[in-house]
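Asks: Structure in structure tokens, see below.
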Amino acid sequence: MVKKFFRLILILTVFSLLISHNFILATANTKTSPKVLPAQNNILTAYVIYSFNTNKCLQPTSSKEGAPVIQSDYIGNNNQKWRFISVEKGCYKIQNILNEMVLDVYKKSKNDDIEICIRKFNGSDTQKWTIEEVKENYFIIKNKYSGLVLEISSSDNKNTSLCIQKKQSSSKNQLFKLQPVVDYNAKVNWNPPNEFDSYKTSIKHGTIKEFTYYSGYTKTTRKALVWLPPNYTSNMKFNTMYVLHGIGGDEREWLESSNPENILDNLYASGQLMNMIVIFPNCRARADDSRPKTYESVFSEDNINAFYNFHHDLINYLIPAIEKNFSVYKEREHRAIIGFSMGGGQALTIGLDYFSNYFAYVGAIAPAYSPKLVKDISYYNSKLKLLYITCGTNDFLYSRVEALHQELLSKGINHFWVSVEGAAHDSSITKFGLYNFSRLVFKY
Ligand code: FER
0 MVKKFFRLIL ILTVFSLLIS HNFILATANT KTSPKVLPAQ NNILTAYVIY SFNTNKCLQP
60 TSSKEGAPVI QSDYIGNNNQ KWRFISVEKG CYKIQNILNE MVLDVYKKSK NDDIEICIRK
120 FNGSDTQKWT IEEVKENYFI IKNKYSGLVL EISSSDNKNT SLCIQKKQSS SKNQLFKLQP
180 VVDYNAKVNW NPPNEFDSYK TSIKHGTIKE FTYYSGYTKT TRKALVWLPP NYTSNMKFNT
240 MYVLHGIGGD EREWLESSNP ENILDNLYAS GQLMNMIVIF PNCRARADDS RPKTYESVFS
300 EDNINAFYNF HHDLINYLIP AIEKNFSVYK EREHRAIIGF SMGGGQALTI GLDYFSNYFA
360 YVGAIAPAYS PKLVKDISYY NSKLKLLYIT CGTNDFLYSR VEALHQELLS KGINHFWVSV
420 EGAAHDSSIT KFGLYNFSRL VFKY
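Numbering (numbering that gives the first Met the number 0), first residue to last: 0 to 443.
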């Protein structure tokens with residue numbers, strides 16, 4: 000009875016998605032590569048502070064006040080990420096994103112070899128630092144009070160070597176690389192601005208192209224839509240973002256329901272989108288990949304299996320075809336995947352489980368994905384550049400997605416969990432999710 004009720008709701012949802020229509024053109028994006036300078040600090044960017052010499056990064060030994068700072072291998076933990084927050088002209092406090100304490104000199108002293116520790120920010124000059132680029136992408140970090148600089152106390156490869164202050168010299172132990180990473184603890188305003196998905200005549204628009212490719216998996220010619228930004232050119236390389244649809248849809252579903260081309264256009268026009276092309280595949284990997292024609296066939300085993308098998312087509316045929324025909328990067332660091340509902344489940348399966356070698360940025364909007372599938376993968380913290388999950392509280396999948404969030408939390412897997420009050424399993428959440436994921440990807 001209950002099952003039947005849910006099935007009815009599901010089917011109604013799927014069909015309301017199928018019915019909604021909306022058209023227009025598509026957009027683009029602007030920036031080239033993320034600049035690795037604290038001066039460009041924004042609310043979502045933290046930095047890993049790598050030693051030039053050892054390629055290990057700064058972290059406190061614990062979150063207790065006064066805990067010493069050492070170097071350690073980067074494993075993606077939040078205590079290895081630091082915010083550079085301007086406190087006065089040219090001076091930053093350097094705040095740990097896990098415990099919000101800042102780098103400090105252990106005792107107020109202008110002497111060499113004093114240990115660096117973390118403390119609550121109290122405005123002392125020992126907690127203020129200037130950052131100076133002395134070699135391309137390498138910085139010295141100088142204390143305002145002592146005028147001494149950060150140094151790793153010995154140049155060996157030990158994970159426990161202390162960070163100390165020292166007179167500036169030509170020592171490589173004083174050079175640090177600042178690698179931007181997403182700040183999962185940032186207070187983010189996720190709300191899109193008014194008309195974020197409306198067509199604007201005043202801006203440049205991208206184009207949507209129909210793309211066909213032969214799939215050796217389905218043994219058919221298959222279709223995808225590709226959004227190219229206004230600045231698309233074969234003279235430079237672009238990132239690729241794959242956007243997957245729900246169980247009743249096909250490659251046109253996003254376009255028909257959620258104005259992705261307007262969302263991308265508007266983000267591009269306001270300089271918030273990295274250079275990327277966006278691919279909307281048909282995620283039903285079987286010879287007849289058309290939309291199911293009856294209620295029953297939407298949840299048939301055959302239709303569901305065609306979604307479970309999509310990775311064969313995606314990895315072996317669609318991605319290679321896209322990368323052959325467009326001017327795009329071919330490394331996982333330059334690929335993102337996000338999906339809605341069944342497509343959200345696919346994005347997580349492909350991004351987290353077995354095929355993580357292909358995507359560094361993974362997003363899921365109201366995903367149909369079992370929390371039981373989450374493995375013990377804290378390993379992914381260093382590999383995944385972004386994991387973003389959102390769901391509306393009125394979605395019939397909400398309790399499952401919330402349970403997925405709890406499972407990831409309990410396993411220490413960093414992710415954004417954005418629960419949207421009142422949103423249901425419809426285009427309000429697809430638009431919201433696409434907007435937020437798109438403005439985060441390829442920036443870290
Ligand atoms: C499920 C619930 C929802 C499921 C799939 C969906 C395969 C997909 C919904 C959609 O894509 O709209 O249990 O199992």
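All C-beta atoms, glycine included, are put in the ideal place defined by N, C-alpha and C.
Going by DSSP, what residue range makes up the beta strand (DSSP E) through PHE309?
Replies: Element bounds for PHE309: not the beta strand (DSSP E) but the alpha helix (DSSP H), 309-312.
Asks: Would you mind giving the Cβ-Cβ distance between PHE441 and TYR360, rounded to the nearest angstrom? I have them listed as a contact below 8 Å.
Replies: Correct: roughly 7 Å between the Cβ atoms.
Asks: Below 8 Å between beta carbons: does that hold for THR389 and ASP182?
Replies: no
Asks: Counting only runs that start and end within the region 256-344, where is the alpha helix (DSSP H) found for 4 or more residues in a row?
Replies: Along the length of the region 256-344, whole alpha helix (DSSP H) runs at least 4 residues long occupy 259-268, 294-297, 300-307, 309-312, 318-324, reported in chain order.
Asks: Can you find a heavy atom of the ligand FER that lies under 7 Å from the Cβ of ILE246?
Replies: yes
Asks: Cβ of GLN43 versus every heavy atom of the ligand FER: is any distance shorter than 7 Å?
Replies: Just to set this straight, residue 43 is Leu in the shown sequence, not Gln. No, Cβ of LEU43 sits at least 7 Å from all heavy atoms of the ligand FER.
Asks: In chain order, which continuous runs of the beta strand (DSSP E) of length 3 or greater are located wholly inside the region 100-124?
Replies: 101-104, 115-118
Asks: Going by alpha carbons, who is nearest to GLN167 out of LEU177, SER160, LEU149, ASN156?
Replies: LEU149
Asks: Mind reading off the beta-carbon distance from THR217 to ARG285? Whole number of angstroms is fine, and I expect it under 8 Å.
Replies: 6 Å
Asks: Straight-line CA distance for ASN265 to ILE303?
Replies: 34 Å
Asks: Between TYR397 and the rest of its own chain, which residues show a CB-CB distance below 6 Å, the 5 nearest in sequence each way excluded?
Replies: CYS390
Asks: Heavy atom of the ligand FER less than 7 Å from the Cβ of LEU347, yes or no?
Replies: no
Asks: With a threshold of 7 Å, establish whether the CB of LEU396 neighbours any heavy atom of the ligand FER.
Replies: yes
Asks: Express the C-alpha separation of TYR368 and LEU403 in angstroms, rounding to a whole number.
Replies: 8 Å
Asks: Is ILE84 helix, strand or coil when you go by DSSP?
Replies: strand
Asks: How is ALA444 classed by DSSP in three states: helix, strand or coil?
Replies: Here the chain covers residues 0 to 443 and nothing more, so residue 444 does not appear.
Asks: Thinking C-beta only, is ASN281 closer than 8 Å to ARG334?
Replies: no
Asks: Grab the span of the alpha helix (DSSP H) containing TYR46 for me, first residue to last.
Replies: Segment 44-50 is the beta strand (DSSP E) holding TYR46; no alpha helix (DSSP H) there.
Asks: Out of SER71, ILE48, ASP72, state which residue places its alpha-carbon closest to the alpha-carbon of LEU102.
Replies: ILE48
Asks: If you follow the alpha helix (DSSP H) that ALA402 is in, where does it begin and where does it stop?
Replies: 397-409
Asks: When the Cα atoms are used, what is the spatial distance from GLY248 to ALA422?
Replies: 20 Å
Asks: Does the distance from the CB of HIS424 to the CB of SER340 come in under 8 Å?
Replies: yes
Asks: Would you give the residue range spanned by the alpha helix (DSSP H) that SER381 belongs to?
Replies: Unbroken alpha helix (DSSP H) run through SER381: 379-382.
Asks: So does SER340 have its beta carbon nearer than 7 Å to some heavy atom of the ligand FER?
Replies: yes
Asks: For ILE303, is the beta carbon positioned less than 7 Å from some heavy atom of the ligand FER?
Replies: yes
Asks: Are the beta-carbon atoms of GLU255 and LEU224 separated by less than 8 Å?
Replies: In this structure, GLU255 keeps its C-beta atom at 8 Å or more from the C-beta atom of LEU224.
Asks: Are THR239 and MET275 closer than 8 Å when you measure CB to CB?
Replies: Closer than 8 Å, so yes.
Asks: State yes or no: is the C-beta of ALA423 nearer than 7 Å to some heavy atom of the ligand FER?
Replies: Distance from the C-beta of ALA423 to the nearest heavy atom of the ligand FER is not below 7 Å.
Asks: DSSP state of LYS134, grouped into three classes?
Replies: Looking at LYS134 - three-state DSSP - the assignment turns out to be strand.
Asks: Who are the near neighbours of LYS80 in its chain, counting only those whose CB is closer than 8 Å to its CB and skipping five residues on each side?
Replies: ALA45, TYR46, VAL47, ASN95, ILE96, LEU97, VAL180, ASP182
Asks: By DSSP's criteria, LEU453 is part of a beta bridge. Which residues make up the other side?
Replies: Only positions 0 to 443 of the chain appear in the structure, and residue 453 is not among them; the question remains open.
Asks: The beta strand (DSSP E) spanning LEU386 covers which residue range?
Replies: Note, LEU386: beta strand (DSSP E), 385-391.
Asks: Assuming ASN413 is part of the beta strand (DSSP E), what are its boundary residues?
Replies: Unbroken run through ASN413: none, as it is neither H nor E.
Asks: Quick check: does the Cβ of ALA363 come within less than 7 Å of any heavy atom belonging to the ligand FER?
Replies: no
Asks: Rounded to whole angstroms, how far is the Cβ of LYS107 from the Cβ of TYR73, which I believe are closer than 8 Å?
Replies: Not a contact, Cβ separation roughly 31 Å.
Asks: Does at least one heavy atom of the ligand FER sit under 7 Å from the Cβ of ALA367?
Replies: yes
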